[in-house]
Structure formats: structure tokens, C-alpha cells
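Residue numbers (our numbering), protein chains in the order written: chain A, 237 to 438; chain B, 237 to 438. Built from N, CA and C at the ideal position, the CB exists for glycine as well. In this text the structure is predicted, and so the values were computed from the model without any measurement.
There are 2 protein chains.
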Amino acid sequence: MPTPPPRGRPRSFDRAAALDAATMLFWERGYEATSIADLTEAMGIRAPSLYAAFGDKRSLFEEAVAGFRHTHGAYVARALAEEPTVRAGIARLLRDSATEFTTPGRPHGCLVISAGVNCGSPQVREQLRAIREGSVADFERLIAAAVASGEEPPETDPGTLARLTAAVLQGMSQQSRDGVGRAELELLAAAAMRAWPPLRSE
Amino acid sequence: MPTPPPRGRPRSFDRAAALDAATMLFWERGYEATSIADLTEAMGIRAPSLYAAFGDKRSLFEEAVAGFRHTHGAYVARALAEEPTVRAGIARLLRDSATEFTTPGRPHGCLVISAGVNCGSPQVREQLRAIREGSVADFERLIAAAVASGEEPPETDPGTLARLTAAVLQGMSQQSRDGVGRAELELLAAAAMRAWPPLRSE
DNA sequence: ACCATTCTGTAGCAGTCGCTATGGAAAGGA
DNA sequence: TCCTTTCCATAGCGACTGCTACAGAATGGT
């Protein structure tokens, strides 16, 4: 069914732009350290408009996370999909993360990894933890399939390799926030890939 | 010079025990998510006693961090010192961290790694960042010395290996807080060590 | 024109934050 | 005993937290 025609006074601000501004703040400071006053100022609106458009703070954060994953997380699926092997895909994922985590002009690191740390709201923590766990499960599934197909050697432990990948990503995110630069993170990423078992060279 | 005899009414609580209680709270919730009310309740004292004995919240945290490093961080130096090679030392450091990060009955992960994330106080963030950076520098120095002595092969990149070690520790800390168990972290730690260049077997 | 609907700005709610002024209680020294 | 010193408990400071009641402004429908 089509969207009914809007009634009443139209919204006077750009909802998507406001959400973007909120996302940047959450990304930079984390969920709890970002106050409603911070948000309304960055979004250019007053508190009642924020609550009318986005619900409470947690709903706004959920929407920001969803938008973040769509806009700034797409490179993950792309890296895994566009490379010919899982190993090459994860190598590229780590390499691209070094770039994504240190892009100038926006917060460093990954919102999903950092924004919920030390957060008082169990729901927010759990929301982000579930996303992270989903990534680990995705990695594991892909690696296990590669082992099953003979692409990766049989002694491979898909679960451990998936967790190692996630751990390296988490470490890279925190280090990028600590000021470590792109070049050093790329070296780190390349080094981490040496943990994979040697490929049978035919 | 000897400590002058105490004058006036003696303190009615155990300062060290109170500091321990504060450390546990900071460790579990992080700096900012731990309120003075939380602290006074856990320490069993009132706010004025806390301020008289420890100064402000940041001073208390600094003292908690120092105590944490002394009590719960000693295993790091021990692992590096007691193993015959740097490689074995870092392997044991990672392995022992899997245990330390998941010990039942106390907070998971590492206070130095997590308690300052998303913290509004730049001083607290910087305090912990400097400790982390010091660890990386220590790792790098040890690895570089091992390369110089021929213990590790010349193609080794000490800086990158040091950063990788730190990244894996950070990832292990966050994952332990996400509920990942000791056994899985030990596998992760062992896998990470495969990133080291192969040893010249003579 | 008038109404229903929806948005916006002002102003402020109750609660918590880190922190402290104040007065009484508990100790040692004279 | 009296004084000094130090600690403790009550109570509360101003600022901030997430959030909202209310009234006015702006739109479309009739």
C-alpha cells in the first residue's frame, strides 16, 4: 500500500542529515558519553524534535548503528565477496580496515567495536555484541566452507581463525583510536594473516 | 626520616581494602560509568571520607590503576622474564592472558585496555593510552634485541610484531568481556603466535 | 474560513553527577 | 581536663542527565 499523504506541519529539518550527525557523535564518543544536548546541538534541532523523529536515545542509537553498518560497514561484505578465496577476502578485509579505521575527517576505529564499551545500558551492549558475534559466525562459516571445498587445508580450525580475525580487528580499532596510523595498521594486518596455516602448494 | 606519629582521630576504615573495592568497580564498569555513589557504597564509606583519603575521582582512579598493575599485571613481566626466548615469553603472555582475562570471581579482560574507552576525561584516556604504548615499546625492544642476538630471524619486523601482540591482547580482552571462554582464547593466542616468522632450524 | 494534524521552541521535570561546607565525634598531648 | 588535630555523617551545592508538558506555528482537508 502506498504511503498516505503527509498531514499537518511538515518536518523542517533533514532527517537523514540529522541522523548522520548523530552517528558521527556516537561513533566518536560512544553511546553513553554522547548526551542529548550534544546530539541536539550537532543535529541542529531541539530535544522535542529529536524525540518526535527518532524516539528515545536508544532508538536513535539503534538507527545510527543500522545506518553506520549500511554506509561504513559495506566494505566488509565487499572485501569478502570480491576476492577469489576466503583467505584473500579476509586479508583484504583487514587491509581495508586499516584504511577505514584511519580515514581523515571522521572518527577513527569502528563504531560497532567501540561505542558500547563501558556502557551502562545492557541493551546497547548486547546490540553491539550480537553484531560482533554475527561477524565471527560469518567468518567461521566462510572458512569452514573453504576447508570443506579443499580451498583451505584440513588442519584449519575455522572457529579459532574467525575469532583471531575478530580480535585483530578489535585491536586495530582501538589502536587507530590511540593514534596509530594507517601504514602501521596495514603491516599489522599483513602480519596477522601469517597465522593462517600454510597452503598446500601443488 | 621516620613517619611522624599520627595525630587526631584515626581513620576508621581499611584504606587498602577500600582501594581494592574501588579497583574492582573501575575494572568492571570503566572510569566514567563508575559513579562516586557506586564507589562509596562498594568501599563502605561516605563521600567526604573518600575525598579525604584519595583526593578526587581521577586521583582515586590513578591509584587504582597503579594497584591493578602491581597486583594483576605482574604476570606480564613474569611471563616475559621467565621464558628462555622472547617468542616463548610472548606466547606465554598471551596464554596466561587467556587465563587472567577469564578468571571467575572478578571482572573479565584488562582494566588498562578497557576502563578508559569512551571516557570523557582526556587525562584518563591519556593515562591508559600511555601505559598501553609503553607495553608496545617494551615488546618491540625485546623483539629487536632478540633479532640483534640472532635469536629471531633477521626478516623479523619488531615494531609490527609488537603491535600485533598488543592488538591480539586488546581483542582478547574485549572478547573475554563479550563472554568468550578461556579455552577459546587460548586457541586464539596459540594461533596468533603462528604469525611469527619461521625459526631457522639448524 | 475553519479544523485537524503535526511540528517546533520554551521551559522545566525528577534524578544523578562530582564534590564540599559544616558540625560533631574520636583520638593523642599537655 | 582541656586543646588540637583529624575523621566522619548529614546535608546539600550547582551542573548536568534523559526526557516531556505545553503553547504556538505551519501545513492539508473541507
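A check of alpha carbon separations from F297(A) across E277(A), P320(A), Y311(A), I272(A) identifies I272(A) as the nearest. Listed in chain order, the positions of the region 318-352 of chain A with a beta carbon within less than 8 Å of a beta carbon of chain B are I349, S350, A351. Each of R430(A), W432(A), E268(A), A289(A) was checked against the Cα of V360(A), and the nearest Cα belongs to E268(A).
Around the beta-carbon of L435(B), fewer than 16 other beta-carbon atoms lie within 10 Å, marking it exposed. Only residues of its own chain outside the window of five on either side were considered, and among them E319, A425, A426, M429 have a CB closer than 8 Å to the CB of A327(B), listed in chain order. Closest in C-alpha terms to G417(A), from the list E422(B), G417(B), R399(B), comes R399(B). No Cβ of chain A is located within less than 7 Å of the beta carbon of L275(B). Taking a cut-off of 8 Å for Cβ pairs, the region 406-420 of chain B and the region 333-341 of chain B touch, as three or more such pairs fall below it. The Cβ atoms of P433(A) and T392(A) sit closer than 7 Å to each other.
An exposed status is given to A384(A), since fewer than 16 other beta-carbon atoms sit within 10 Å of its beta-carbon. In the three-state reduction of the DSSP assignment, S357(A) falls in the coil class. At a cut-off of 7 Å between C-beta atoms, L296(B) does not count as an interface residue with respect to chain A. Taking 7 Å as the cut-off, the beta carbon of P340(A) is found no closer than this to the beta carbon of W263(A).
Residue environment: R368(B) is assigned as buried (16 or more neighbouring CB atoms within 10 Å of its CB, all protein chains considered). Counting only the Cα atoms, L397(A) lies some 19 Å from L423(A). Within the region 355-382 of chain A, those residues whose Cβ lies closer than 8 Å to any Cβ of chain B are, in chain order, C355, G356, R365, R368, E369.
It is roughly 6 Å from the alpha-carbon of L329(B) to the alpha-carbon of V312(B). Along the region 418-437 of chain A, the positions whose C-beta sits under 7 Å from a C-beta of chain B are E420, L423, L424, A427, A428, R430, A431, read in chain order. Within chain B, V353, N354, C355 have C-beta atoms less than 9 Å from the C-beta of G266(A), given in sequence order. Looking at the backbone, the Cα of H306(A) and that of G280(B) are separated by about 47 Å. Listed by position along chain B, the residues whose Cβ is nearer than 9 Å to that of A278(A) form an empty set, because the closest Cβ is around 16 Å away.
Between the alpha carbons of T276(B) and K293(B) lies a distance of about 11 Å.
By the Cβ neighbour-count rule, R413(B) is buried, with 16 or more other Cβ atoms within 10 Å of its own.
Its chain contains A289 as the residues whose beta carbon lies nearer than 8 Å to that of R251(A), once the 5 sequence neighbours on both sides are disregarded; these appear in chain order. Along the length of the region 319-365 of chain A, whole alpha helix (DSSP H) runs at least 4 residues long occupy 322-336, 347-350, reported in chain order. Of all residues in the region 401-412 of chain A, only A402, A403, V404, L405, Q406, G407, M408, Q410, Q411 come within less than 8 Å of chain B when Cβ atoms are compared, listed by chain position. Neighbours of L397(B) in chain A, taken as residues at a C-beta separation under 7 Å, are given in chain order as A427. Runs of the alpha helix (DSSP H) lying entirely within the region 241-268 of chain B and spanning at least 4 residues, in chain order: 251-265.
One finds E268, N354, C355, G356 in chain B with Cβ atoms closer than 8 Å to the Cβ of A269(A), taken in chain order.
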